[in-house]
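Asker: Per the working numbering, the very first residue in the sequence shown carries number 870; after that it's consecutive.
Each residue gets a CB set at the ideal place from its N, CA and C atoms; glycine is no exception.
Pasting in a structure now, in structure tokens, and then I'll have a few things to ask.
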Amino acid sequence: MNFKKKHFGRQEGLEPIPATTGSNSFPVLKRTVTRMRKQQRYKTHNSSLFSSHRLDTDLKMALLILLVMLTACAAMPQDLSGKMFIFPQETDTANVRLSTSMQSFTAVTACFRSITDFSRNHNLFSLSTPSFHNGFLVFKEAGNNVIDIYVRNNRVTFTGQDYMLNTWQSICTTWDSESELVQLWLNGKPSIKKFIGGSVITDPIVIVGQEQDSHGGGFDINQSFVGMMSDVHMWNYVLSPCEIQRFVEDLNFTPGNMINWRALEFEATGRVLVENKITCE
């Protein structure tokens, strides 16, 4: 009788089954089956690893996209008109970092409103640079109504300031590298102008709530600000007395061109709250 040879198809990823005859057929078949099982396990294992790797890759990509979205949202300017930052306790961590629109300038006006019941040393406005941790600093000393201004680590002291506790106060400070003079305005009342020197300020980091003893850090709990702060603005030029008065009276003043409370880019760290600044008239 003639038999047609039956051909077995080749299964993808496996070697073909060899022909077997005679008494040696069983050992050969057994070895072949064992080899097939090993190959199948290897294929299954690799497939599992590939799936796991792809899952990890997809997860990392999703987290990256989420991080980019959150960063973009955090960097979007926010209108904080009628709002305030609240620093409710002494810490060496809680602070708000304010983004500036310029990285180099030769004059400054910084204005803000604040309220606290602390008479000890505390920071009001801290700008550092890579070379000068007190690049431009407004600092309230303990008692005696003394406020210090630093420019590029040089200090001048303004005494006899009517700095009141538990009262909202408007504070403006101006500095110009051309005249090398600095001046303090407290609730619309100007100090005398004093020589402080200085030239250009570059690569600033601006922080409220903490005083920088290094570029972006070096905080001291005993110099932290506890209270509320609002209407933070900064310009790269010296405001006129009339413009400062309009800020003090909260009239139609020109917002800061480097830091603008009405379009503020900021990053809060630690226990800092943003709430409505409620007033009754």
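DSSP three-state label for V1051, please.
Answerer: DSSP places V1051 in strand when its eight states are reduced to three.
Asker: What are the start and end residues of the alpha helix (DSSP H) that includes F1135?
Answerer: Counting along the chain, F1135 falls outside any alpha helix (DSSP H), though it belongs to the beta strand (DSSP E) covering 1135-1138.
Asker: Looking only at DSSP bridge pairs, what is T1026 linked to?
Answerer: T1026 pairs with D1017.
Asker: Mind pulling the beta strand (DSSP E) runs of 3 or more residues that sit fully within the stretch 940-995?
Answerer: Here the runs fully enclosed are 952-956, 964-967, 976-984.
Asker: Under 9 Å between the Cβ atoms of Q1092 and N990?
Answerer: The answer is yes: Cβ separation under 9 Å.
Asker: Would F1005 pass as a contact of A963 if the rule is Cβ separation under 9 Å?
Answerer: Result no, Cβ atoms of F1005 and A963 do not sit closer than 9 Å.
Asker: Starting from the N-terminal side, write out each stretch of the alpha helix (DSSP H) that is 4 residues or longer and does not extend beyond the stretch 1077-1133.
Answerer: You should have 1110-1117.
Asker: Using the C-alpha atoms, what's the distance from S983 back to F1094?
Answerer: Spanning the two alpha carbons is a distance of roughly 10 Å.
Asker: In the DSSP assignment, find the unbroken beta strand (DSSP E) run with K1009 in it and report its ends.
Answerer: That run of the beta strand (DSSP E) goes 1005-1009.
Asker: Tell me the rounded alpha-carbon separation between D966 and I1061.
Answerer: Checking the sequence shown, residue 966 turns out to be Arg, not Asp. So the alpha carbons of these two residues sit roughly 30 Å apart.
Asker: Please state the DSSP three-state secondary structure of I1065.
Answerer: In the structure shown, I1065 sits in coil (DSSP, three-state: anything other than H, G, I, E or B).
Asker: By Cβ distance below 6 Å, which residues in the same chain neighbour G1085 in space, the five residues on each side in sequence not counted?
Answerer: Excluding sequence neighbours, G1085 sits near I1074.
Asker: Do G1078 and N992 count as a contact pair if the criterion is CB distance below 9 Å?
Answerer: Yes, these two residues count as a Cβ contact at 9 Å.
Asker: What is the DSSP secondary structure of I1040, reduced to helix, strand or coil?
Answerer: Strand, per DSSP.
Asker: At a cut-off of 8 Å, is N964 close to the ligand ZN when judged by its beta-carbon and the heavy atoms of the ligand?
Answerer: In the structure on display, the ligand ZN does not appear, and there are no ligands present to speak of.
Asker: Note down, in chain order, each residue of its chain lying with its Cβ closer than 7 Å to the Cβ of T1026, except the 5 sequence neighbours on either side.
Answerer: The residues are V1015, D1017.
Asker: State the Cα-Cα distance for the pair W1130 and D948, rounded to the nearest angstrom.
Answerer: Using only the alpha carbons, I get a separation of about 7 Å.
Asker: Quick one: is C1041 buried, meaning 16 or more other Cβ sit within 10 Å of its Cβ, or exposed?
Answerer: Classification of C1041: buried, given that the 10 Å Cβ count is 16 or more.
Asker: Quick one: what does DSSP say I1147 is sitting in, helix, strand or coil?
Answerer: The answer is coil: DSSP assigns I1147 none of H, G, I, E or B.
Asker: Rounded to whole angstroms, what is the Cα-Cα separation between D1100 and K1063?
Answerer: Their backbone Cα atoms lie some 26 Å apart in a straight line.
Asker: What does a CB cutoff of less than 8 Å around V1141 pick up in its chain, not counting 5 residues either side in sequence?
Answerer: Around V1141: F954, I955, F956, A963, N964, V965, G1078.
Asker: For V1075, write down the residues that DSSP places opposite it in a beta bridge.
Answerer: L967, L996, per the DSSP bridge assignment.
Asker: Just checking my contact of I1090 with E959 at CB under 8 Å: how many whole Å lie between their CB atoms?
Answerer: With a Cβ gap of about 5 Å, I1090 and E959 count as contacting.
Asker: Find the nearest neighbour of G1096 within the set M1033, L1120, L1055, judged by alpha-carbon distance.
Answerer: Nearest C-alpha to G1096: M1033.
Asker: One question on the structure: do V1069 and T975 come within less than 9 Å of each other, judged by their Cβ atoms?
Answerer: Taking 9 Å as the Cβ cut-off, V1069 and T975 qualify as a contacting pair.
Asker: Among residues of its own chain, excluding the 5 on either side of G1139, which ones have a beta-carbon nearer than 7 Å to its beta-carbon?
Answerer: These residues qualify, in order along the chain: T960, T962, A963, N964.
Asker: By Cβ distance below 8 Å, which residues in the same chain neighbour K1146 in space, the five residues on each side in sequence not counted?
Answerer: Correct list, in chain order: G951, K952, M953, M1097, S1099.
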